[in-house]
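Peer 1:
Residue numbers (my numbering): 292 to 860.
(1) How far does the alpha helix (DSSP H) with residue 569 in it extend, from its first residue to its last?
(2) Three or more C-beta pairs closer than 8 Å, one from the stretch 392-404 and one from the stretch 616-634: is that the case here?
(3) Looking at residue 607 and residue 553, is the spacing between their C-beta atoms short of 8 Å?
(4) State yes or no: is the C-beta of residue 638 within less than 8 Å of the C-beta of residue 362?
(5) Do you know offhand how far residue 460's Cα is from residue 576's?
(6) Check residue 510 in the structure and name its three-state DSSP category.
(7) Within the continuous alpha helix (DSSP H) that includes residue 679, where are the two ends?
(8) Decide yes or no for the touch test of the stretch 580-592 against the stretch 667-674: beta carbon pairs closer than 8 Å, at least 3 of them.
(9) Where does the unbroken alpha helix (DSSP H) through residue 339 begin, and where does it stop?
(10) At which residues does the alpha helix (DSSP H) containing residue 581 begin and terminate?
(11) The alpha helix (DSSP H) with residue 468 in it runs from where to where?
(12) Report yes if the CB atom of residue 425 is closer than 8 Å to the CB atom of residue 307, and no otherwise.
(13) Going by C-alpha distance, which of 526, 684, 301 and 324 is nearest residue 473?
(14) Between 689, 626 and 536, which has its C-alpha nearest residue 665's C-alpha?
(15) Do three or more CB pairs link the stretch 372-381 to the stretch 651-661 at distances below 8 Å?
(16) Given that a residue counts as buried once 16 or more other Cβ atoms are within 10 Å of its Cβ, and exposed if not, what is residue 581?
(17) Is residue 457 helix, strand or coil when you go by DSSP?
(18) Do residue 385 and residue 466 have their beta-carbon atoms positioned less than 8 Å apart in this structure?
(19) Taking three-plus beta-carbon pairs below 8 Å as touching, is the stretch 400-408 in contact with the stretch 416-423?
(20) Return the residue from the list 524, 647 and 550 that minimises the CA-CA distance to residue 865.
(21) For the alpha helix (DSSP H) that residue 644 lies in, which residues bound it at each end?
(22) On the premise that residue 329 lies in contact with residue 388, defined as a C-beta separation below 8 Å, what is that separation, rounded to the nearest angstrom?
(23) By the three-class DSSP mapping on this structure, what secondary structure does residue 556 have?
(24) Give me the residue from 437, 305 and 354 with the minimum Cα distance to residue 565.
(25) Considering only residues of the same chain and omitting the five flanking positions on each side of residue 351, which have a CB-CB separation below 7 Å?
(26) Run the CB neighbour count on residue 532, radius 10 Å, all protein chains shown included, and call it buried at 16 or more, exposed below.
(27) Within the same chain, show all residues whose beta-carbon is closer than 8 Å to that of residue 310, passing over the 5 residues directly before and after it, in chain order.
(28) Would you mind stating whether residue 628 and residue 640 have Cβ atoms separated by less than 8 Å?
(29) In or out: residue 661 buried (at least 16 other Cβ within 10 Å) or exposed?
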C-alpha cells in the first residue's frame, strides 16, 4: 500500500496534529470503555433491558439537540479551551457512574450519560473545525485520512478492550480507566501549540446565539455545494439502523455472541481502513462528489447483499465493505467541507452537519426498533440498504451540476454588444490613473492571442489623455497605462467591439477625422465629407455635418465658443 506511509508520516512531522489526533483517540476509546460495561451493568442491576435503550437514546438525542448551539461556541471561543473544558466535564460524568450500585441508583447512570453527551456535543465541533488550522495545506488530505481512522480504530480496539476488561475486572474498573483517559485527552489538547482558529476582531460585537445559528443556516442554504456536502452523511445515517439487527443476525447464523463481536469488529475495521485507502481521492477534488455518491451506493448495495447471503464469512466481508464505504464517505465529506467553509463559520457548519447525521441515525434506529419484532431480519437489512441506495441516487441527481473545482462566478459578466461598460469614470474622477480596472479574461477566449494573459488588470485612462483623441471617453474603450495600444492587446481589452483610436490629424486637416477626399463634382465649393467616429455607425446612423472647405485653423488656435464639436450637427 504505497499511500499508507506518506499518509501516516504527517503524525511524525506535525506535533500539533499528533496531539490532536491522540486526544481524539483517547476520547473515542473512553466512550467505548463507558458504554460497553454500562450496557451490561444496567440490566443486571435493574432486571430490565429498557435502561440500556434509554442510555443510547439519551446519548444520541442530547448530542443532536445541542449541536447547533455548540457550533456557535466553537466559532466564538477559543477551541482549545472548549476541548479541555469538555474533557473535564466528561470526566466528572464518568465519575458519577461509580455511584451506580443498584436499581435505586440507575437514574444516576442517565444523568452521568447526559453529562458525557453534553461534553461530546461541545468537543466534536471544536475538534473538527480546528483540524484545518493545525495542518498545512499540503497535509490536509493526509491529515483527514488519519483523523478519519480514529473512530474506526477505537471501535475495534476500545470496544474489544472494554468488553475484556469489564469481564475480567468489572465495570467500575472500566469507568476508572475512562476517567484517566479523559484527563489525558485534556492534557494533550493543552499541548497543541498552533492556534486552532483564525484571529477574531476583538472590537466586533458578538452575535446573539440564534442570530449566529441563522447566519450559518443561510450560508448553507445559499451555497449549493455546501448544502450538498452537509446532507451527504444522512444516507449512511439512514441505513445505520442495521446495527440494531447485528445480534439477531448472529443468532440467525448460529454464531451467538462471538458472531456479534465479529460483526462489530469488521464494522470498525472497515471504518479504519477506508479513510486511509481513500487518500488518493482526497487529493483530487474533482473526484469528490462522484466518490461520495459511489460510497453511499456501495454502503447500501453491501447491505442488500447481506440480506440475501447464506454464508457467514461472506456476511462479514460485505459488512467490512459497507463500512469501508461509510468511513470513506464521512472523511471525504469532512475534507470537502473544510475547503469550502471559512474559519469563522466552520464550527457552526460542522455542527449542523453532525446534527443532521445524528438525527438520521436516531430515526433509522427508532424505525428499526419499532419493526424488528414483526418483520424478518433480512427484510430489515434489505430495507436499510435500499433506502441508502435511493438517497444516493437522488443526491447525485440533485448535485449533478455542481463541481468542487469550479471557481465561484465572477461579478463581472460579459456585456452584450453595444452595452455601456460596467465601470464608467465620472468626469470628477478623471486623472492620471483612474480607479477603474478590467478583470482578466482567459487566454483561450481571446481572439488572436496565444499563451497566458499579458496582464491581470488594465487600468482605464480617460480618452482625452490619449494622443489623437478628442471628446468624451468612447463606449467600450479601455487602453493600457502606457497609452500605446497593440493590435492584439486592444482586442483583448475591448473584446473586439470598440474602435481603435484614430491617428493624429494630418497636416491641413482636422484631428480625429479621416483624410479629406478631394472635392469632386456635385456640389460646387463643397469638400468631401469628414466621417467621424461618432457618425460612422452603419445602418442609418447620423451623418457627420458637412463643412465648407477652407484654410485649416493654425495648430494651437482657440476654438470659437459654442457647443463642442462632437455635439454640433
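Ideal Cβ placement from N, Cα and C applies to all residues, glycine included.
Peer 2: Answer, in terms of the structure:
(1) Counting from one through the chain shown, the residue named residue 569 turns up at place 278. Counting along the chain, residue 569 falls outside any alpha helix (DSSP H), and DSSP gives it neither H nor E.
(2) no
(3) Locating residue 553 in the chain shown gives position 262, where the first residue counts as 1. Locating residue 607 in the chain shown gives position 316, where the first residue counts as 1. Yes.
(4) In the chain shown, the residue the question calls residue 638 occupies position 347. In the chain shown, the residue the question calls residue 362 occupies position 71. Yes, Cβ-Cβ distance for residue 638 and residue 362 is below 8 Å.
(5) Residue 460 sits at position 169 when you count from the first residue of the chain shown. Residue 576 sits at position 285 when you count from the first residue of the chain shown. When rounded, the distance between both Cα atoms is 49 Å.
(6) Position 219 of the chain shown, counted from the first residue, corresponds to residue 510. DSSP places residue 510 in helix when its eight states are reduced to three.
(7) Position 388 of the chain shown holds residue 679. Note, residue 679: alpha helix (DSSP H), 668-689.
(8) no
(9) The residue you call residue 339 lines up with position 48 of the chain shown. Element bounds for residue 339: n/a, residue is neither H nor E.
(10) In the chain shown, counting from the first residue as 1, residue 581 sits at position 290. Per DSSP, residue 581 belongs to the alpha helix (DSSP H) from 579-599.
(11) Reading the chain shown from its first residue, position 177 is the one you call residue 468. Start and end: 462-481.
(12) Position 134 of the chain shown, counting from 1, holds the residue named residue 425. Position 16 of the chain shown, counting from 1, holds the residue named residue 307. Going by C-beta atoms, residue 425 is nearer than 8 Å to residue 307.
(13) Position 182 of the chain shown, counting from 1, holds the residue named residue 473. Nearest of 526, 684, 301 and 324 to residue 473, Cα basis: 324.
(14) For the purposes of this step, residue 665 is taken as the residue at position 374 of the chain shown. Answer by Cα proximity: 536.
(15) no
(16) Taking the first residue of the chain shown as 1, we reach residue 581 at position 290. Residue 581 should be labelled exposed.
(17) Within the chain shown, residue 457 is the residue found at index 166, counting from 1. Reduced to three states, the DSSP call for residue 457 is helix.
(18) Position 175 of the chain shown, counted from the start, is the residue given in the question as residue 466. Position 94 of the chain shown, counted from the start, is the residue given in the question as residue 385. Their beta carbons are under 8 Å apart, which means residue 466 touches residue 385 by this criterion.
(19) no
(20) Any question about residue 865 goes unanswered here, given that the chain covers just 292 to 860.
(21) Locating residue 644 in the chain shown gives position 353, counting from the first residue. From DSSP, the alpha helix (DSSP H) with residue 644 extends over 634-662.
(22) As a position in the chain shown, residue 388 is number 97, starting the count at 1. As a position in the chain shown, residue 329 is number 38, starting the count at 1. About 7 Å separates the two Cβ atoms, so the contact holds.
(23) One-based indexing of the chain shown puts residue 556 at position 265. Note: residue 556 maps to helix in three-state DSSP.
(24) Here residue 565 refers to the residue found at position 274 when the chain shown is read from its first residue. Looking at the Cα atoms, 437 is the closest of the given residues.
(25) Against the chain shown, residue 351 aligns to sequence position 60. For residue 351, where only same-chain residues beyond five positions count, the Cβ hits under 7 Å are 649, 652 and 653.
(26) Stepping through the chain shown from its first residue, residue 532 is reached at position 241. By the neighbour-count rule (16 or more Cβ atoms within 10 Å), residue 532 is buried.
(27) Within the chain shown, residue 310 is the residue found at index 19, counting from 1. Once the five neighbours on either side are set aside, the close Cβ partners of residue 310 are 479, 480, 482 and 483.
(28) Here residue 628 refers to the residue found at position 337 of the chain shown. Here residue 640 refers to the residue found at position 349 of the chain shown. Yes. Within cutoff.
(29) Start at 1 with the first residue of the chain shown, and residue 661 comes out as number 370. With fewer than 16 other Cβ atoms within 10 Å, it is exposed.
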